[in-house]
Amino acid sequence: MIYWIIIFVVLSLIIVYSIFVINYRLRLNNAEDILKNNFKKRNYKMVSLFYASKNFLNKHNEVFEEYINLTQKDFSETSLNFVFENKLDTYKKIHYEINFIFKICEANTKLKDTGKYNYIKEEILKESAVIGKKYEIYKKSLAKYEFHHKISKFFLVGLFLR
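Heads up: the sequence shown is residues 641 to 802, going by the working numbering.
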């Protein structure tokens, strides 16, 4: 009789812990979606910068060429079976390219003085700040999830988790 109670308690703990890990993965998926949406918002605002700087920059198309290539890569990575870490790598490259574009735009004094450019710059910087905060939260959550996921691999349910 005591063995059945011990088995029941152990199985109950395994089930509760597995539900916890599954729930944590669902929250992590939600955080990934929020992060993707924030990156997309910022990328959509870059289109405005493209048109606002068109009359001010020499070799305008060359300045934005790498950014356009990276956004095309981002678009091609969008599918049901994408690996979020690869997408994050593309987003990091886009972030560095945005910084490069801003350095070039800041070097142009005529462009720096236009209100449209300053407004777009502030909006993109706000989005970047939000992305930075969300990314830090995501990294912490991912580290916790990976720890619990390693533990859950010892249970049968852990085999079904990604």
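Ideal Cβ placement from N, Cα and C applies to all residues, glycine included.
The structure presented is a predicted model; accordingly, all values stated were derived computationally and were not measured.
Buried is the label assigned to residue 771, since at least 16 other Cβ atoms lie within 10 Å of its Cβ.
Residue 645 is not a Cβ neighbour of residue 683, given a cutoff of 8 Å.
Its Cα nearest to that of residue 695, the residue 751 stands out among 782, 760 and 751. By the Cβ test, the region 748-763 is not in contact with the region 712-731, since fewer than three Cβ pairs between them sit closer than 8 Å. Residue nearest to residue 712 within the set 778, 786, 731 and 725 is 731 (criterion: CA-CA distance). Residue 764 and residue 676 have their C-alpha atoms spaced approximately 15 Å apart. Counting along the chain, the unbroken alpha helix (DSSP H) around residue 686 starts and ends at 642-692.
By alpha-carbon distance to residue 774, the top candidate from 715, 670, 647 and 665 is 670. Residue 686 is classed as buried because its beta carbon has at least 16 other beta carbons within 10 Å across all chains shown. Ranked by how close their Cα comes to the Cα of residue 697, the residues 663, 747 and 706 have 747 in first place. Between residue 767 and residue 681, the beta carbon gap of about 6 Å places them in contact (Cβ cut-off 8 Å). Residue 688 and residue 782 have their C-alpha atoms some 33 Å from each other.
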